[in-house]
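2 protein chains.
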Amino acid sequence: MNGARSATAVAHPNIALAKYWGKRAGEGNVPAVPSLSVTLAGMSTTTSVTFDETLVDDELVLGGAMAVGRPKARASELLDRVRAAAGIATRARVVSTNDFPTASGLASSASGFAALALASVRAAGLDWRADEVADLARRSSASAARSVFGGFVELDGGDGATGAARPVAAAHALDMRVLVCVTTEEAKATSSTDGMRATQATSPYWAAWLADAPQSHAAIRAALLAGDFARVGELAERSALAMHACAMAAGIVYFSPATIAALAEVRATRALGLPAYATIDAGPHLKCLVKAGDAAVVRGRLASVPGVLRILEATPGEGARVVTAEAP
Amino acid sequence: MNGARSATAVAHPNIALAKYWGKRAGEGNVPAVPSLSVTLAGMSTTTSVTFDETLVDDELVLGGAMAVGRPKARASELLDRVRAAAGIATRARVVSTNDFPTASGLASSASGFAALALASVRAAGLDWRADEVADLARRSSASAARSVFGGFVELDGGDGATGAARPVAAAHALDMRVLVCVTTEEAKATSSTDGMRATQATSPYWAAWLADAPQSHAAIRAALLAGDFARVGELAERSALAMHACAMAAGIVYFSPATIAALAEVRATRALGLPAYATIDAGPHLKCLVKAGDAAVVRGRLASVPGVLRILEATPGEGARVVTAEAP
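Read top to bottom, the protein sequences are chains A and B.
In terms of numbering that gives the first Met the number 0, the first sequence opens at residue 0 and continues consecutively.
In terms of numbering that gives the first Met the number 0, the second sequence opens at residue 0 and continues consecutively.
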């Protein structure tokens, strides 16, 4: 084994403005529709990977606790791909921590797999480009491919797509803040994977979602490149509601009472003339998109919404990066 | 003018199990999809109509207050149709009261226009059959046609339909109770008419709703006629979520925090093995469908949901009927 045997990477969650929901048929975990997100500074996953000849099995420590079952199996699948590429068989110790709630719709799997992919590749001594790291991350969690890059990022999806992620605009393209309204510290009841599967199998709106989402993605991309914050916000709220509606028609409801209360507050704020927009991923948390100059006043309003436990304020941020790498 | 000059009718709201949402193009206020409802005893509208030669204009007293604007105009439109049929020009005094919240998604327009149609027809001395009264009521509020009949009632909709209402099964066809979870005493922010218009104009799921709803209606009808309560409930919950999803994708959200809390409680109750199902009309109230024998225990659970102000317990009930009619 050449180069580093240990590496630590940091990655951030991302919030999709044009949502992705559902998988294309076939290999590679390619989304059914294209998506566009913003990578967020202010919430981080830090992941260390150490390939260690003395280990008989991979080890995964998540938030200080030894992980088993599905989380560990998913990490080992990624490590197996890295080992195959590097031509090694060495097992690895993975230690990962989030400074925000895990598995509750705050995109912890996005930042988690982006950080794991980058740290694993570097620890294995592979000299991969970011798009190759993103391809690896996507196979574990599609939205993780977007967290490999900073700023505004798109991820291909749909027939003929390869699932490639690429940056669309720099972090400063919109002078935007994201107010993450945390409504629970608990994991969500239905995982994104299970929710997508049920939606694809039984939602009467699945075909209509497949037809609408690419148009929505293209419109959001155009508004972003035009620097039109209000149009991006309006379309992002529409995309989020369309995604939740598609799932809801299959009986999958991710909203909590606080989600609805916060959505009503965002809309009431907008009715007062302040450009504030909501987006919601597969979980109960609401993320409010505001202009930087309006963040303080809107944050104050959202803080008083019943069920909003606390608010994280994020700016568009950097992609995944290696913070330390050590050879033995 | 022959016969009565004054008549009082009572009608009940109805709850759609197979939802209707949206209007077919053309005249007559015909729904875009067929629907199937249950008329509810336990909540009533009582409406008196008096044709009075001394009046220079129609008068509408709703819940003790003189109504003007749109509510009065809608009542006069119905009265105009009755006057045309009866060959009279006499203005009328209409006095209507509900014993439940008005215009908040508790189908007050259904019971209101059913009672108004029947009282007006009778006060004008017309000897109309129930289906003719239902046709009149439908032109003012489509779901009102269903409240003319008791028990389980369907209303035609879609291409080629005339908007005819007819009874499908008697009130005792299912040994069911409807627990109406009242979550506000306020009128809703978006009327059904406005919500339907926005949905038809902008929901990406409108065409899929038009395709799905007739199948949903047929399945609910078959389950009802088979006496299969659990299947009716499951399909009714699905129909309600599909309707709300179609509207939500157009930005129209009728849920309140309490709606989501009550839905979660219904689902938690079901997970315990009790057959309880949710349906939600265009407003924040949730209606829980339960077997008569389970009503007390489920009611107790729903009563503790935050935001549920009170619970009305309704049984399948009678259609609209005249309670008094007087000649001068």
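Quick reminder that beta carbons are idealized off the backbone N, C-alpha and C, glycines included.
C-beta contact flag for residue 296(A) and residue 257(A) at 8 Å: no
Would you call the region 141-153 of chain A and the region 13-24 of chain A in contact, with 3 or more CB pairs under 8 Å? yes
Starting from residue 325(A), follow its DSSP beta bridges and name the residues at the other end. 5(A)
Within a Cβ cutoff of 7 Å, which residues of the same chain sit near residue 198(A), ignoring the five residues on either side of it in sequence? 20, 21, 205, 245, 246, 249 and 251
How big is the Cα-Cα spacing for residue 75(A) and residue 132(A)? 16 Å
Does DSSP put residue 176(A) in a helix, a strand or coil? strand
Just to confirm, does residue 127(B) get its C-beta within under 7 Å of one of the non-hydrogen atoms of the ligand FMN? This structure does not include the ligand FMN; it has no bound ligands of any sort.
Residue 280(B) versus chain A: which residues are under 9 Å apart at the beta carbon? Under the 9 Å cutoff, chain A gives no residues; its nearest Cβ is about 16 Å from residue 280(B).
N-terminal and C-terminal residue of the beta strand (DSSP E) that residue 58(B) is part of: 58-61
Any chance you could list the alpha helix (DSSP H) runs of at least 4 consecutive residues sitting entirely within the region 211-291 of chain A, in chain order? 228-247 and 256-270
Helix or strand or just coil, what does DSSP make of residue 93(B)? strand
Considering residue 311(B), what are the terminal residues of the beta strand (DSSP E) in which it resides? 309-315
What residue from 317(A), 326(A) and 308(A) has the CA that sits closest to residue 44(A)'s CA? 317(A)
Among residues of its own chain, excluding the 5 on either side of residue 291(B), which ones have a beta-carbon nearer than 6 Å to its beta-carbon? 174 and 176
Which of helix, strand or coil DSSP assigns to residue 80(B): helix
So with CB distances below 7 Å, who are the chain B contacts of residue 262(A)? 252
8 Å Cβ cutoff met for residue 155(A) and residue 149(A): no
With a 10 Å radius around its C-beta and 16 neighbouring C-beta atoms as the bar for buried, classify residue 82(B) as buried or exposed. buried
Cβ of residue 211(A) within 8 Å of any chain B Cβ: yes
Tell me the DSSP secondary structure of residue 187(A) in three-state form. coil
Which runs of the beta strand (DSSP E), 3 residues or longer, sit entirely within the region 14-75 of chain B? 34-40, 44-50 and 58-61
With 8 Å as the C-beta to C-beta threshold (strictly closer), list the residues of the region 135-151 of chain B near chain A in chain order. none
Examine the Cβ distances between the region 212-221 of chain A and the region 266-274 of chain B and report whether three or more of them are shorter than 8 Å. no
Could you have a look at residue 168(A) and say whether DSSP puts it in helix, strand or coil? strand
Please look up how many angstroms separate the CB atoms of residue 5(B) and residue 122(B), rounded, as I've assumed it's under 8 Å. 5 Å
Beta carbons nearer than 8 Å to chain A: which residues of the region 192-210 of chain B have them? 203, 204, 206, 207, 208 and 210
For residue 128(A), which of helix, strand or coil comes out of DSSP? coil
Pick from 311(A), 137(A), 80(A) and 279(A) that is closest to residue 125(A), judged by C-alpha positions: 80(A)
Against chain A, with Cβ distances strictly below 8 Å, would residue 59(B) count as a contact? no
8 Å is my cut-off, CB to CB: does residue 35(A) come that close to chain B? no
Determine whether the beta carbon atoms of residue 18(B) and residue 238(B) lie at a separation below 8 Å. yes
Whole angstroms is fine: what's the gap from residue 193(A)'s alpha carbon to residue 28(A)'s? 14 Å
Taking Cβ-Cβ distances below 8 Å as the criterion, which residues of the region 21-53 of chain A are in contact with chain B? none
Should residue 216(B) be flagged as near chain A, meaning a C-beta pair shorter than 8 Å? no
Would you kindly work out how many angstroms separate the C-alpha atoms of residue 57(B) and residue 90(B), rounded to a whole number? 5 Å
Residues of chain A with CB under 7 Å from residue 240(B), in chain order? 247, 248 and 250
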